[in-house]
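These notes are about the structure you will find just below.
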Amino acid sequence: MNADLEKLQESNKTELERRGSIFNIGAPATEAVTIRDQIAVGFGDGTVRFFQSGSDPKTVKAHKGVVLSMTNYEDHVLTGGEDGRFLKISSDGNIDEIFNFGSKWVDCVASHKDTKVCSSGKTVYIWTKNKDKPQTLEHQSTVAGLAFDNKGKRLAVSRYGGVTVWKLNNNKWTASNFTWKGSHGTVTFSPDTKYIVTAMQENQIHGWRINDKADLAMRGYPSKIKSFTWVGDTPYLVTSGSSDAVCWPFDGKEGPMGRKPIVVANGGKELATFVKALNGEKAVFTGFTDGSVLLAEIDESKKPIMIRSSTGSEVSTIAISSDNSQILIGDMKGSILLSSLWADN
Amino acid sequence: MENTSQVPVTVLTGFLGAGKTTLLNRILTEQHGRKYAVIVNEFGEQGIDNDLVVDADEEVFEMNNGCICCTVRGDLIRILSGLMKRADKLDAIIVETTGLADPAPVAQTFFVDQDVADRTKLDAIVTVADAVHLSSQLVDHHEAEEQIAFADVILLNKVELVGDNDIVKVNDRIRKINPFAKIIKTTRCDAPLEEIVGLNAFSLDRVLDIEPDFLESDHDHEHDDDVTSLSFVSDTPLDMDKFQDWFGNLLRTKGQDILRSKGILNFKGEEERYVFQGVHMLMDASPMGPWPKGKDRSSRVVFIGRDLDNMNLKEGFENCKSA
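Next up, the structure:
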């Protein structure tokens, strides 16, 4: 390559791209989770790769077909695959098959302490410590999202027509239904566990205040919301799906009811596809359809910082190491940027 | 929007026993050098075990968008978005539907869901019909009629078991319901795969293939709920505003009974041909290049559905003619 051209391209790189490492895996990055000082990423070729600053990633051939879902579990990751397998994987490559559902996909996984959960079809399977046989929870349609509250006492299961919140009492799960017409995907509890929110198949998110089941409809998006994250102490629920990161305030008695969201990190004609909170800060990373990533404070008067320049492939995952030192960004073409968040002094 | 990276999806319908599984097994086992994924229903016929097969429950979801007949296949949205994350690119996806399923939600999924529309495209609806039993199935099950009505391609299978006269009869019966589908007569679904998969039948420029003479259908049907087709031709240019008002209102109010609609339109003052194609209330339309030189600029529309006689279609279409 022409030296001048190389220099020019180098200068178009962001600070994080200059000091980080770029890996081209060649399969879409589907999920990423943090385990201690490593970041595990699931890919469309069935591999799970463990990334760590200063070394090449360790590759584990986990699934045949796409890694559909992933979460952390103690020092391991739990993964669900297109091959119908629910796996526990350690970073040294040890694979423990928890269950094999055959030709049925394992769409969602979740964990809390020593409890492992997955869904396949309309059923949620729960493995608790020292029990080989899972408990099962049945639903009227295919499960599209799983989330524990922060104490692990409640499990939200999203599906067509709303969310079933299962509560654990004396080793028994009892259901409470939150209803809203339409198909509900990814689900989350607010950090204070007063609200549950889902991303819908339509271009909107829907929430309920848990104590009175009051509905919160958050609409006006130009595309589907594929990602959301809780940010700051307020807290804000920051969502993708628009040309900005849309931040809904969940403070006070009414949360975002009757209030306007704050919008930050404008991507111009690109739409936000992935959002991730910077732990402990009132700031969010927003990835866009062209592969670019911005870091923005939840403050409309502040300018965002360009973290990653355009790759031409939509950002499909972002993870931050548990000590807030490393960031990993993955896209649908399988390009991975791993970089330290802070400059070395 | 045309996008070459969209994976084509073929929807395969047909009654139990018509030969869908035979066709699927051919698609999965023949040395065709292409990579197909097949989405099958758990209540479908047994006997397919292959890595490229995905099990699905047919989950029909209503969209929360105020459109009363707008139902989609929730399971398809989930599975197609999963398949699009595969490292190796698929050449095509085949979706099997159960014999009793209404094909409309499957087709509508490709119009309604943006993620699905961005990455995949509906290629064609292929219906496998049993030449021996189709006539009686059409009498007993309105789903059989709908499967014929929705089809872009009909494999009239098991023709070896039927006499020539009966083949003509069943062929005519199909034509009465659906004048534009391509009918392929087969034994053990032995049609070349390239006539079934990768057809681009839903592409708007395929609308231009409509043969106007072919569409002049009589409709001497016995029951009011029979699926029939009607077509109209006009050599007088149409008024765009009038057409949009009439057609928009028609789909809104009668879209549940109109299974398919297609047309080529000559608007007054427009140099380009306009084409549209619809499934129930949803439709896709766009200009499609200038009219061929030396050929008549005639507008042609075709409707397939129920109760078409009570929609004043002829009058409505005539009223769209420019003054």
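Protein sequences appear in the order of chains F and C.
Count along the first sequence from 1, add 2, and you get the number used in the numbering used here.
Count along the second sequence from 1, add 663, and you get the number used in the numbering used here.
Don't be surprised by glycine CBs; every beta carbon is placed ideally from N, CA and C.
Keep in mind that this is a model prediction, so the values were computed, not measured.
Counting C-beta neighbours from all protein chains within 10 Å, is the total for residue i 16 or more, i.e. buried, or is it exposed?
i	result
F/Gln206	buried
F/Ala345	exposed
C/Asp904	exposed
F/Gly83	buried
C/Asn841	buried
C/Asp803	exposed
C/His882	Because C/His882 sits at a pLDDT of 46, beneath the cut-off of 50, its placement in the model cannot be relied upon, and the point is left open.
C/Gln771	buried
F/Glu33	buried
C/Pro953	exposed
F/Pro306	buried
C/Ala767	buried
F/Gln203	buried
F/Pro348	A query on residue 348 of chain F cannot be resolved here, the shown segment of chain F reaching from 3 to 347 and no further.
F/Gly289	buried
C/Pro955	exposed
Which of the three DSSP states is assigned to residue i in this structure?
i	result
F/Met220	strand
F/Glu76	coil
C/Glu823	helix
F/Thr130	coil
F/Gln54	strand
C/Asn704	strand
F/Thr144	coil
C/His882	Only weak support exists for where C/His882 lies, its pLDDT of 46 falling under 50; the coordinates are left without a value.
F/Asn172	coil
C/Leu893	strand
C/Val795	coil
C/Ala755	strand
C/Arg636	Because residue 636 of chain C is not part of the residues shown, which for chain C are 664 to 986, the question remains open.
C/Asp815	coil
F/Ile266	The identity of residue 266 of chain F in the sequence shown is Val, whereas the question assumes Ile. Three-state result, F/Val266: strand.
C/Ser744	helix
C/Lys977	helix
C/Pro875	At C/Pro875 the pLDDT is 49, less than 50, meaning the model places this residue with poor confidence; the figure from the coordinates comes in the next sentence. DSSP places C/Pro875 in coil when its eight states are reduced to three.
F/Thr16	coil
C/Lys925	strand
F/His208	strand
C/Pro766	coil
F/Asn26	strand
Using only CA atoms, which one of the options lies nearest to residue i?
i	options	result
C/Ala700	C/Leu679, C/Leu675, C/Arg969	C/Leu675
F/Thr117	F/Ile100, F/Val199, F/Arg51	F/Ile100
C/Ser924	C/Val833, C/Glu823, C/Asn975, C/Gln940	C/Gln940
C/Thr850	C/Val825, C/Val860, C/Gly861	C/Val825
C/Val822	C/Gly682, C/Asn982, C/Gln669	C/Gly682
F/Val265	F/Asp301, F/Leu280, F/Leu170	F/Asp301
F/Ala201	F/Asp214, F/Met220, F/Ile91, F/Val119	F/Met220
C/Pro671	C/Lys784, C/Asp751, C/Gly680	C/Lys784
F/Ser242	F/Leu339, F/Asn281, F/Thr319	F/Thr319
C/Ala812	C/Trp909, C/Gly861, C/Val791	C/Val791
F/Ala216	F/Gly187, F/Phe180, F/Glu19, F/Ser229	F/Phe180
C/Asp765	C/Val723, C/Ser799, C/Gly911	C/Val723
F/Lys284	F/Asp235, F/Ala274, F/Leu296, F/Ser311	F/Asp235
F/Gly56	F/Met72, F/Gly104, F/Asp39	F/Asp39
F/Gly22	F/Ser303, F/Asp214, F/Lys271, F/Phe53	F/Phe53
F/Ile329	F/Asp98, F/Phe287, F/Leu157	F/Phe287
Can you list, in chain order, the residues of its chain whose CB lies under 6 Å from that of residue i, leaving out five sequence neighbours each side?
i	result
F/Ser178	Val167
C/Cys733	Met726
C/Pro875	Confidence in C/Pro875 is poor, its pLDDT being 49 and thus under 50, which makes the residue's placement too unreliable to answer from.
C/Pro950	Glu935, Tyr937
F/Asp85	His65, Lys66, Gly67
Note down, in chain order, each residue of its chain lying with its Cβ closer than 8 Å to the Cβ of residue i, except the 5 sequence neighbours on either side.
i	result
F/Val159	Ser121, Val126, Leu139, His141, Val145, Gly147, Leu148, Val165, Thr166, Val167, Trp168, Val189
F/Tyr197	Phe191, Gly209, Trp210, Arg211, Ile212, Leu218, Phe252, Gly257
C/Asn863	Pro671, Asp786, Ala787, Arg869
C/Ile830	Ala794, Leu819, Val822, Lys848
Ignore the nearest five residues each way along the sequence and tell me which others in residue i's own chain have a CB closer than 7 Å to its CB.
i	result
C/Ala854	Leu818, Ile847
F/Tyr223	Asn205, Gln206, Gly243, Ser244
F/Leu343	Asn326, Ser327, Gln328, Ile329
Exercise for review: Identify every run of the alpha helix (DSSP H) within the stretch 896-921 of chain C, keeping only runs that are complete inside it and at least 4 residues long; order them along the chain.
Suggested key: The qualifying runs are 903-917.
Check your understanding: What are the start and end residues of each continuous beta strand (DSSP E) run of 3 or more residues lying completely inside the stretch 275-312 of chain F, in chain order?
Key -> Whole beta strand (DSSP E) segments, 3+ residues: 285-290, 295-299, 307-310.
Check your understanding: Which runs of the beta strand (DSSP E) fall wholly inside the stretch 60-122 of chain F and span at least 3 residues, in chain order?
Key -> If one requires a minimum length of 3 residues, the beta strand (DSSP E) runs lying completely within the stretch 60-122 of chain F are 69-75, 78-83, 87-91, 97-102, 110-114, 117-122, in chain order.
Practice item. Mind listing, in chain order, the continuous beta strand (DSSP E) runs of no fewer than 3 residues lying wholly within the stretch 174-199 of chain F? Key: Counting only runs of 3 or more residues that sit fully inside the stretch 174-199 of chain F, the beta strand (DSSP E) segments are 174-191, in chain order.
Review point. Using a beta-carbon distance cut-off of less than 9 Å, what residues from the stretch 733-745 of chain C approach chain B?
Key: Within the model displayed, chain B is absent; protein chains F and C are what it includes.
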